[in-house]
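> Just so we're aligned, residue 7 is where the sequence shown starts under the numbering used here, counting upward by one.
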Amino acid sequence: MAVTWLRETPARLRYRCSVCGSEEIEAEAWVQLNSGAFVEWLETAHYWCPACETHRENPCQVDAQEFCVMHDRAFSACRAESAEAEKGAQS
Ligand SMILES: [Zn+2]
Ligand SMILES: [Zn+2]
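1. How many angstroms separate the CA atom of Asp69 from the CA atom of Asn40?
2. Which residues mark the beginning and the end of the beta strand (DSSP E) in which Cys66 is found?
3. When the Cα atoms are used, what is the spatial distance from Arg85 to Ala33?
4. May I ask you to report which of helix, strand or coil DSSP gives Glu63?
5. So Ala35 is in the beta strand (DSSP E); what residue range does that whole segment cover?
6. Within a Cβ cutoff of 8 Å, which residues of the same chain sit near Glu92, ignoring the five residues on either side of it in sequence?
7. Would you say Val75 touches ligand 1, meaning its beta carbon is less than 7 Å from a heavy atom?
8. Within 10 angstroms of its Cβ, does Phe44 collect 16 or more other Cβ (buried), or is it exposed?
Written out as C-alpha cells, the structure is:
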C-alpha cells in the first residue's frame, strides 16, 4: 500500500479567536445529517468564542509559526488590532 501520508505535511493551520487567541472557537457548519461528518464551515458566519463569551466575525487562521494566513500578517498584529477595535467600540 502506498504511504501517501509521508509525502509532505502542510503547515498545521488552526482557527483562532482574533482577540484572545483561543482555539476553542465554534461556528455554524454543514454536516451530513446521517453520518455526522463535517462538510463545510460557513465562512461568512460569525463565530462564538467561549473564552471571550462573545460572537465575532473573521476568526484568524494561524499556522505553526504564529502567522495569520487569513489576514497575511503576524497573528500578534491581528490580536493588537482587534483589541484596539474592541476598545474603540466600547468607549
Ligand atoms: Zn476570544
Ligand atoms: Zn488574522
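For each residue, glycine too, the CB sits at the ideal point set by N, CA and C.
Working from what's here:
1. 32 Å
2. Cys66 to Val68
3. Each residue's Cα considered, the two are about 19 Å apart.
4. If DSSP states are grouped into helix, strand and coil, Glu63 belongs with coil.
5. Ala35 to Val37 is the extent of the beta strand (DSSP E) around Ala35.
6. Val25
7. no
8. exposed
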